[in-house]
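Notes follow the structure.
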Amino acid sequence: MAAKSAIPSHLKNENGASVGAEKHHGKSQSHVAFENTSTSVAASQMRNALNNLADTVKDPKDKKRFETEMDNFFALFRRYLNDKAKGNEIDWSKISPPKPEQVVEYNSLANNESVEFLSKLAVLKLNGGLGTSMGCVGPKSVIEVRDGMSFLDLSVRQIEYLNRTYDVNVPFVLMNSFNTDVDTANIIKKYEGHNIDIMTFNQSKYPRILKDSNLPAPKSADSQISDWYPPGHGDVFESLYNSGILDKLLERGVEIVFLSNADNLGAVVDLNILQHMVESRSEYIMELTDKTKADVKGGTIIDYEGQARLLEIAQVPKQYVNEFKSIKKFKYFNTNNIWMNLRAVKRIVESNELAMEIIPNGKTIPADKKGEADISIVQLETAVGAAIRHFNNAHGVNVPRRRFLPVKTCSDLMLVKSDLYALKHGQLVMDTNRFGGAPLIKLGNDFKKVSNFQARISSIPKILELDHLTVTGAVNFGRGVVLKGTVIIVATEGSTIDIPPGSILENVVVQGSLRLLEH
Numbered sequence: 001m002a003a004k005s006a007i008p009s010h011l012k013n014e015n016g017a018s019v020g021a022e023k024h025h026g027k028s029q030s031h032v033a034f035e036n037t038s039t040s041v042a043a044s045q046m047r048n049a050l051n052n053l054a055d056t057v058k059d060p061k062d063k064k065r066f067e068t069e070m071d072n073f074f075a076l077f078r079r080y081l082n083d084k085a086k087g088n089e090i091d092w093s094k095i096s097p098p099k100p101e102q103v104v105e106y107n108s109l110a111n112n113e114s115v116e117f118l119s120k121l122a123v124l125k126l127n128g129g130l131g132t133s134m135g136c137v138g139p140k141s142v143i144e145v146r147d148g149m150s151f152l153d154l155s156v157r158q159i160e161y162l163n164r165t166y167d168v169n170v171p172f173v174l175m176n177s178f179n180t181d182v183d184t185a186n187i188i189k190k191y192e193g194h195n196i197d198i199m200t201f202n203q204s205k206y207p208r209i210l211k212d213s214n215l216p217a218p219k220s221a222d223s224q225i226s227d228w229y230p231p232g233h234g235d236v237f238e239s240l241y242n243s244g245i246l247d248k249l250l251e252r253g254v255e256i257v258f259l260s261n262a263d264n265l266g267a268v269v270d271l272n273i274l275q276h277m278v279e280s281r282s283e284y285i286m287e288l289t290d291k292t293k294a295d296v297k298g299g300t301i302i303d304y305e306g307q308a309r310l311l312e313i314a315q316v317p318k319q320y321v322n323e324f325k326s327i328k329k330f331k332y333f334n335t336n337n338i339w340m341n342l343r344a345v346k347r348i349v350e351s352n353e354l355a356m357e358i359i360p361n362g363k364t365i366p367a368d369k370k371g372e373a374d375i376s377i378v379q380l381e382t383a384v385g386a387a388i389r390h391f392n393n394a395h396g397v398n399v400p401r402r403r404f405l406p407v408k409t410c411s412d413l414m415l416v417k418s419d420l421y422a423l424k425h426g427q428l429v430m431d432t433n434r435f436g437g438a439p440l441i442k443l444g445n446d447f448k449k450v451s452n453f454q455a456r457i458s459s460i461p462k463i464l465e466l467d468h469l470t471v472t473g474a475v476n477f478g479r480g481v482v483l484k485g486t487v488i489i490v491a492t493e494g495s496t497i498d499i500p501p502g503s504i505l506e507n508v509v510v511q512g513s514l515r516l517l518e519h
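UniProt numbering numbers the first residue of the sequence shown as 1 and each following residue consecutively.
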């Protein structure tokens, strides 16, 4: 097969097989045998195109790294082709809610906050995302969320507090993407001299696939940035391994990594879960929390043929989507707070066991010239939660909602900046006077960007007794506003509502327009 001969010689072992591809994604004989003619042709054409890309890299060291990355990408692509050829859809009849032993209740964990295992821990934040969805430039983790501090500042403060309080040295690891690495390198300089070791590595940079031809979008290794993509956080295992950071951590005596999204302000080190992980000899723990109406699209833990697995909405056949969203059948969702054993990660990567479900993500690259059509592409992504089935004694822990406090929108930003939370050692703690969980806040398109949000809300309203807030249209909040119960504010198109300073709104609907005139 042309694909075999096209593999660079330094990546072959004695049998002539590809080291890069095999080291990470071994293929069983039956798997390979299934590759039908069209799959085999597409794979061969992709392999040749990737070799041509590699030939555009001049520096030998860079070329070797690039080829390893392209081999990993090729293995993912080939698996994608096989899945498509087999119609590899999940068998809904085999899906059940998780068994009792697959989910442990947080309240049942030992509560003696044992600190002896902290010396074996590292904290890893997924830092590959940009702030574009909130109208910001640069890494999302540098958006200011509270008291002049960014997501990164708060994480650093939390770990410094741990290190100082318990006299340990928990390393702080950031997985960046090619979108965030340069900015992040500059930003973390300000933490030099702090009581914290920061390590960084980059997730892979994979070529987008042209939908029409099944070939890579880039024509050379230094092709425009829009031809490439970071392949989702499932890439953390191989990138941690290939970057050398995994071995560095093991040399330091680190055995457990606590991973979470950089924008989840609730993901702080929990000594009870850490102790449970060590004592239960689990290689992988996924933090779950009870699903509410707001979380119906979140990935959930299931039992599939006796094994704990992650099920994402993208994998669900259309006719079962409503059943997937049901809170009765699937009570939990994945917070993406994951605890994993580093030696297990090393074993699984080295023995090619990783075969996480592939999520094909269709996008378009804007055309170069006016009048030309945008280019349809596919990017193949994987999720870190999908690796649960590869680890021994892997299970979920059902944690309190406070451990899931993500900031995806300006509605979330309003919540975390409010009087509902106080800041303690970089951690947001909900006011004990609050009855129940956090309120539901829905700010309309006029608040989509952080700059709009800041312009329209001069100071965050007091929301300790708020249940639900919906704001639509051009609405401006004066200082010292108090919101209680259910508040709905709708400014009709072309008009503006100014909420006067010091207003108390309780269980009201405000509609139309209301302008305050200076006099």
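Just so you know, even glycine gets a beta-carbon here, dropped at the ideal spot from N, CA and C.
So who's on the other strand from Phe477, going by DSSP bridges? DSSP, once it has assigned bridges, lists Ile457, Ile499 as partnering Phe477.
Report the option in Ala474, Val508, Ile143 whose CA atom is closest to the CA atom of Gly494. Of the candidates Ala474, Val508, Ile143, the one whose C-alpha sits nearest the C-alpha of Gly494 is Ala474.
How big is the Cα-Cα spacing for Ala262 and Thr37? Those two C-alpha atoms are separated by around 43 Å.
Please list the terminal residues of the continuous beta strand (DSSP E) segment that includes Pro360. Its beta strand (DSSP E) spans residues 359-365.
Output the distance between the C-alpha atoms of Val490 and Ala455, rounded to the nearest integer angstrom. Distance between the alpha carbons of Val490 and Ala455 is about 18 Å.
Are the stretch 217-224 and the stretch 48-57 touching, with three or more C-beta to C-beta distances below 8 Å? The stretch 217-224 vs the stretch 48-57: in contact.
Roughly how far, in whole angstroms, is the beta-carbon of Gly266 from the beta-carbon of Arg403, given that I think they are within contact range, below 8 Å? Taking C-beta atoms under 8 Å as the contact rule, Gly266 and Arg403 qualify, at a distance of about 4 Å.
Relative to the alpha-carbon of Glu506, which residue among Ser282, Glu465, Asn476 has its alpha-carbon at the smallest distance? The residue from Ser282, Glu465, Asn476 with its alpha-carbon nearest to that of Glu506 is Glu465.
What does a CB cutoff of less than 7 Å around Leu443 pick up in its chain, not counting 5 residues either side in sequence? Correct list, in chain order: Cys410, Ser411, Met414, Val471.
Taking just the CA atoms, how far does Ile441 sit from Val487? Straight through space, the alpha carbons of Ile441 and Val487 are spaced by roughly 10 Å.
Provide the residue(s) that pair with Tyr304 in DSSP beta bridges, ordered along the chain. Per DSSP, Ile95, Gln307.
To the nearest angstrom, how far is the alpha carbon of Glu372 from that of Pro97? Taking the straight line from one Cα to the other gives about 48 Å.
Identify the residues that DSSP records as bridge partners of Gln379: which are they? Gln379 is bridged to Asn361.
So is the beta-carbon of Glu305 under 8 Å away from any non-hydrogen atom of the ligand MG? Summarising the ligand content, the structure contains no ligands, and the ligand MG is consequently not present.
Check whether the stretch 344-363 and the stretch 319-327 touch, using three or more Cβ-Cβ pairs below 8 Å as the test. No: the two stretches stay apart, fewer than three of their Cβ pairs being nearer than 8 Å.
Closest Cα partner of Asp91 within the set Asp368, Gln315, Phe178, Glu101: Of the listed residues, the one whose Cα sits closest to Asp91 is Gln315.
DSSP state of Ala422 mapped onto helix, strand, coil: When secondary structure is reduced to three states using DSSP, Ala422 falls in the strand class.
May I have the straight-line CA-CA distance separating His395 from Ala422, to the nearest angstrom? C-alpha separation (whole angstroms): 32 Å.
From the DSSP secondary-structure annotation, give me the bridge partner or partners of Val429. Its beta-bridge partners are Ala422.
With DSSP collapsed to three states, give me the class of Ala85. Here Ala85 sits in helix by DSSP.
Boundaries (first-last residue) of the alpha helix (DSSP H) holding His276: Boundaries of the alpha helix (DSSP H) around His276: 271-279.
According to DSSP, what are the bridge partners of Met286? The partner list for Met286 (beta bridge, DSSP) reads Ile338, Gly396.
Rounded to whole angstroms, how far is the Cβ of Gly362 from the Cβ of Asn334, which I believe are closer than 8 Å? The Cβ separation is near 23 Å, so there is no contact.
Do you know how far the Cα of Phe66 is from the Cα of Gln45? Take the alpha-carbon of Gln45 and the one of Phe66: they are about 18 Å apart.
Beta-ladder partner(s) of Val508, from DSSP: Val487.
Meets three-Cβ-pair contact criterion under 8 Å: the stretch 139-156 and the stretch 93-110: Of all C-beta pairs linking the stretch 139-156 to the stretch 93-110, fewer than three are shorter than 8 Å, placing the two stretches out of contact.
With C-beta atoms as the reference, is Pro439 less than 9 Å away from Asn264? With contacts defined by Cβ atoms closer than 9 Å, Pro439 and Asn264 do not form a contacting pair.
For Thr472, the residue or residues it bridges with in DSSP: Bridge partners of Thr472: Val490.
Asn112 versus Asp467: straight-line alpha-carbon distance, rounded: If I take the Cα positions, the gap works out to 34 Å.
Pick from Ser376, Ile377, Ala355: whose alpha carbon is nearest that of Val384? The shortest C-alpha separation from Val384 is found at Ala355.
Short of 6 Å in beta carbon distance, which residues of its chain neighbour Glu144, apart from the five on each side in sequence? Order them along the chain. Answer for Glu144: Ser150, listed in chain order.
Name the residue from Asp197, Met430, Met70, Pro230 whose alpha carbon lies nearest to the alpha carbon of Arg164. The candidate whose alpha carbon is nearest that of Arg164 is Asp197.
Could you tell me the distance, in whole angstroms, from the CA atom of Tyr229 to the CA atom of Arg479? Approximately 43 Å, taken between the alpha carbons.
My guess is that Val123 and Phe172 are in contact by the Cβ rule of under 8 Å, so how many angstroms apart are they, rounded? With 8 Å as the limit, Val123 and Phe172 qualify as a contact, their Cβ atoms being about 5 Å apart.
By Cβ distance, which residues of its chain are closer than 6 Å to Val481, with the 5 residues on each side in sequence left out? By the criterion of a C-beta distance shorter than 6 Å, Val481 is surrounded in its chain by Pro461, Ile499, Ser503, once the five residues flanking it on both sides are discounted.
Please state whether DSSP places Glu105 in a helix, a strand or coil. Note: Glu105 maps to strand in three-state DSSP.
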